[in-house]
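K.L.:
Here it is: the structure, laid out below.
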(Lines of atoms letter the chains of each structure in order from A and count residues from 1; the text may use other names and numbers.)
(Lines give C-alpha, C1' and ligand atoms only; values in the text may rest on other atoms or scores of the structure.)
Protein backbone atom coordinates (compact mmCIF):
# COMPACT_ATOMS: atom_id res chain seq x y z
CA UNK A 1 0.00 0.00 0.00
CA UNK A 2 2.98 2.30 0.58
CA UNK A 3 3.82 2.06 -3.11
CA UNK A 4 0.30 3.17 -3.99
CA UNK A 5 0.66 6.24 -1.77
CA UNK A 6 3.92 7.13 -3.46
CA UNK A 7 2.37 6.67 -6.89
CA UNK A 8 -0.50 8.98 -5.94
CA UNK A 9 1.88 11.63 -4.65
CA UNK A 10 4.10 11.39 -7.71
CA UNK A 11 1.16 12.20 -9.96
CA UNK A 12 0.97 15.59 -8.25
CA UNK A 13 4.67 16.45 -8.74
CA UNK A 14 4.24 18.48 -11.91
CA UNK A 15 1.58 20.65 -10.33
CA UNK A 16 3.55 21.16 -7.12
CA UNK A 17 6.70 22.26 -8.92
CA UNK A 18 4.70 24.82 -10.89
CA UNK A 19 3.95 26.67 -7.63
CA UNK A 20 7.27 26.21 -5.82
CA UNK A 21 7.05 29.31 -3.63
CA UNK A 22 3.44 28.86 -2.57
CA UNK A 23 1.82 26.40 -0.21
CA UNK A 24 -0.27 23.90 -2.10
CA UNK A 25 -2.99 21.90 -0.36
CA UNK A 26 -2.67 18.24 -1.33
CA UNK A 27 -4.93 15.42 -0.20
CA UNK A 28 -3.39 11.95 -0.25
CA UNK A 29 -6.11 9.42 -1.09
CA UNK A 30 -6.11 5.66 -0.80
CA UNK A 31 -5.79 3.76 -4.04
CA UNK A 32 -7.73 0.88 -2.48
CA UNK A 33 -10.68 2.52 -0.68
CA UNK A 34 -12.53 5.16 -2.71
CA UNK A 35 -12.21 8.71 -1.33
CA UNK A 36 -10.45 7.57 1.87
CA UNK A 37 -7.92 10.19 2.95
CA UNK A 38 -4.57 8.98 4.30
CA UNK A 39 -3.66 10.72 7.56
CA UNK A 40 -0.01 11.23 8.53
CA UNK A 41 1.33 10.34 5.08
CA UNK A 42 4.76 11.70 4.20
CA UNK A 43 4.96 13.26 0.75
CA UNK A 44 8.37 13.80 -0.86
CA UNK A 45 8.66 15.72 -4.11
CA UNK A 46 11.96 15.86 -5.96
CA UNK A 47 13.03 17.08 -9.35
CA UNK A 48 16.39 16.34 -10.96
CA UNK A 49 18.93 18.81 -9.62
CA UNK A 50 16.39 20.52 -7.38
CA UNK A 51 15.97 20.54 -3.63
CA UNK A 52 13.55 18.05 -2.07
CA UNK A 53 10.21 19.30 -0.82
CA UNK A 54 8.81 17.24 2.04
CA UNK A 55 5.39 17.50 3.62
CA UNK A 56 3.12 15.45 5.84
CA UNK A 57 -0.64 15.20 5.74
CA UNK A 58 -2.72 16.03 8.80
CA UNK A 59 -5.72 14.19 10.26
CA UNK A 60 -7.86 15.35 7.32
CA UNK A 61 -5.50 13.64 4.86
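Residue numbers (mature numbering (1 follows the signal peptide of the UniProt record, and there is no 0)): -21 to -1, 1 to 40. Here a beta-carbon is modelled for each residue, glycine too, at the ideal position from N, C-alpha and C.
1) How big is the Cα-Cα spacing for residue 16 and residue 3?
2) Please tell me whether residue 5 and residue 33 are closer than 9 Å, where the distance is taken between their beta carbons.
3) For residue 34, report the span of its beta strand (DSSP E) as first-last.
4) Starting from the Cα of residue 37, find the closest Cα among 19, 25, 31 and give me that residue.
P.N.:
Reading off the structure:
1) Locating residue 16 in the chain shown gives position 37, where the first residue counts as 1. Locating residue 3 in the chain shown gives position 24, where the first residue counts as 1. Roughly 16 Å between the two C-alpha positions.
2) The residue you call residue 5 lines up with position 26 of the chain shown. The residue you call residue 33 lines up with position 54 of the chain shown. Remark: C-beta atoms of residue 5 and residue 33 do not approach each other more closely than 9 Å.
3) As a working mapping, residue 34 is identified with position 55 in the chain shown. Secondary structure note for residue 34: its beta strand (DSSP E) is the uninterrupted segment 32 to 35.
4) Position 58 of the chain shown, counted from the start, is the residue given in the question as residue 37. Per the Cα distances, 19.
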